[in-house]
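Colleague: Residue numbers (UniProt numbering): 1 to 336.
Backbone N, C-alpha and C define an ideal beta-carbon position, used for all residues, glycine too.
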Amino acid sequence: MQSLRLEGSAGIESLVMRDEPRPEPGPHEIMVRVRAASLNRRDTMILNGTYPLTPRRGIVPLSDGAGEIVPIGNEVTRFAVGDRVTGSYFARWIDGRINAGLIDQLGCTLDGMLAEYAVLDEQWAVRLPDHLDWHEAATLTCAGVTAWNAVTGAGMPKPGQWVLVIGSGGVSLFALQFAKLLGCRVAAVTSRGAKADRLRALGADLVISTSEMAEWGATVRDQTGGIDLIVETGGPATFAQSLIASTLYGHIVLLTLQDARGRSIEMPAALYQRSLTTISRLFVGSRTNLEAMLRAVSQHGLRPVIDKSFAFAEAGDAYRYFQQGDVFGKVTIDGA
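#1: If you reduce the DSSP assignment to three classes, tell me which class M278 lands in.
#2: Which first and last residues belong to the beta strand (DSSP E) in which H135 is found?
#3: Note down, in chain order, each residue of its chain lying with its Cβ closer than 6 Å to the Cβ of G26, except the 5 sequence neighbours on either side.
#4: What are the residues that DSSP puts in a beta bridge with H251?
#5: Quick check for students: name the residue ranges of the beta strand (DSSP E) that lie wholly in the segment 185-220, counting only runs of 3 or more.
#6: Under a Cβ-count criterion, where at least 16 other Cβ atoms within 10 Å of its own Cβ denotes burial, should N99 be classed as buried or exposed?
#7: Within the continuous alpha helix (DSSP H) that includes Q241, where are the two ends?
#8: Could you give the residue range of the alpha helix (DSSP H) that holds R287?
#9: Which of the three DSSP states, helix, strand or coil, is assigned to E116?
#10: Are the beta-carbon atoms of residue 360 and I265 separated by less than 8 Å?
#11: Measuring straight from C-alpha to C-alpha, what distance separates T50 and Y319?
#12: Using a Cβ-Cβ distance cut-off of 8 Å, determine whether C142 contacts chain D.
#13: From A154 to E20, what does the alpha carbon distance come to, in whole angstroms?
#14: May I ask which residues mark the beginning and end of the alpha helix (DSSP H) holding V331?
#15: Considering only their Cβ atoms, is the gap separating G11 from L47 smaller than 8 Å?
#16: Between the Cα of D43 and the Cα atoms of V207, F322 and M31, which residue gives the shortest distance?
#17: Short of 6 Å in beta carbon distance, which residues of its chain neighbour A118, apart from the five on each side in sequence? Order them along the chain.
#18: Is the separation between the beta-carbon of I59 and that of G8 shorter than 8 Å?
#19: With the cut-off set at 8 Å, would you say G285 and T256 are in Cβ contact?
#20: Just to confirm my understanding: we take L290, look at its own chain, exclude 5 residues before and 5 after, and list those with CB closer than 6 Å. What are they?
#21: Please list the terminal residues of the continuous beta strand (DSSP E) segment that includes I30.
#22: How long is the line joining the alpha carbons of G170 and T77, rounded to whole angstroms?
#23: What does the Cβ neighbour count give for V16, buried or exposed, with the cut at 16 atoms within 10 Å?
#24: Nearest-angstrom Cα distance between A137 and T210?
#25: Along the alpha helix (DSSP H) that carries D317, what are the first and last residues, could you check?
#26: At 3 residues or longer, what runs of the beta strand (DSSP E) sit wholly inside the segment 31-106?
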């Protein structure tokens, strides 16, 4: 089978194409014919050696992928041959709170989805909604679950309340879509005014272009009465403005602590002293979270936004395109 493996952390040059024997599933394992995979920010961090969890050398990258089950182990009970599945980001984290024994991640410490076939323990996989094509289905494991938990977690807004999303990457667009499912109003901040119409088409009620208004926090607060939940993906560049935009008792889900240049978020004490905003963190989620999100996607017929797709042989180009940052939705890669 064909696979891409990560031999080191020196950027694109570390991606090596392999032709290797097809793996066989063990008694409790399933073998998935991977039809598509997708990129997340953490995949570029792993590629460049800046990810906090050390990847296993020679790992098959990418946590996110989708395909159909071919053979299964003789003791598998959760799936059958032909089922459409994806894997769970933290493969061993089924439910409850995460702990040190559950941190193994697909595409980092466990082989991921950038291969012709992937072998998964049956507990690591979930069935996919029927209405999604392979590329759409391949986008949900990381960005989808992260956005779902950000919107439906401790700071879950009520219908009619305001949610703020920043940018047009996968997490932000999923958060916009999930917030609209909850009946919320959504404000979107983008660095590209040309993306405003596309954000409105997804349901954004207010769009602010930072190219026209760098200090946007007060304007957002004035036009909305204050944001109830902020899905903060912008990191150091946007955190202070998010705090200004928040209502007095708002909630900020902080997903990005550093930018690409290594700059960290600084807490603007003078602003925070005037606020009772709750700031929380989360990191993707459990298999149970993934299953809950997929039920909502299926019930509402939600379709992920795909920016661009690449052939398997063009995986390096997919990484380069993703790293340049000007994306609208997800970047996907065909199966081999």
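Modeller: With the given structure in hand:
#1: One point to set straight first is that residue 278 is Thr, not Met, in the sequence displayed. Looking at T278 - three-state DSSP - the assignment turns out to be strand.
#2: Segment W134 to A137 is the alpha helix (DSSP H) holding H135; no beta strand (DSSP E) there.
#3: Correct list, in chain order: G73.
#4: Answer is L229 and T278, bridged to H251.
#5: Listed in chain order, the beta strand (DSSP E) elements of length 3 or more contained wholly in the segment 185-220 are 185-190 and 206-209.
#6: N99 is exposed by the Cβ-count criterion.
#7: Its alpha helix (DSSP H) spans residues F239 to A245.
#8: Per DSSP, R287 is one residue of the alpha helix (DSSP H) stretching across R287 to H300.
#9: Three-state DSSP puts E116 in coil, outside helix and strand.
#10: Outside the shown range of the chain, which is 1 to 336, sits residue 360, and nothing can be said about it.
#11: Taking the CA atoms as reference points, T50 sits about 15 Å from Y319.
#12: Note that chain D does not occur in the displayed structure, where there is just one protein chain.
#13: If I take the Cα positions, the gap works out to 45 Å.
#14: No alpha helix (DSSP H) holds V331; the beta strand (DSSP E) holding it covers K330 to D334.
#15: Yes, the pair counts as a contact, with Cβ atoms nearer than the cut-off.
#16: Here the closest residue by C-alpha is F322.
#17: So the qualifying residues of the chain are V32 and V34.
#18: Contact flag unset, no.
#19: Using a Cβ distance threshold of 8 Å, G285 and T256 do not count as a contacting pair.
#20: These residues qualify, in order along the chain: S88, V126 and V145.
#21: Here the beta strand (DSSP E) through I30 covers E29 to S38.
#22: A straight-line Cα-Cα distance of about 33 Å links G170 and T77.
#23: Exposed is the call here.
#24: Whole-angstrom Cα-Cα distance: 31 Å.
#25: Counting along the chain, the alpha helix (DSSP H) containing D317 begins and ends at A315 to Q323.
#26: Qualifying beta strand (DSSP E) stretches, in chain order: 64-72 and 84-87.
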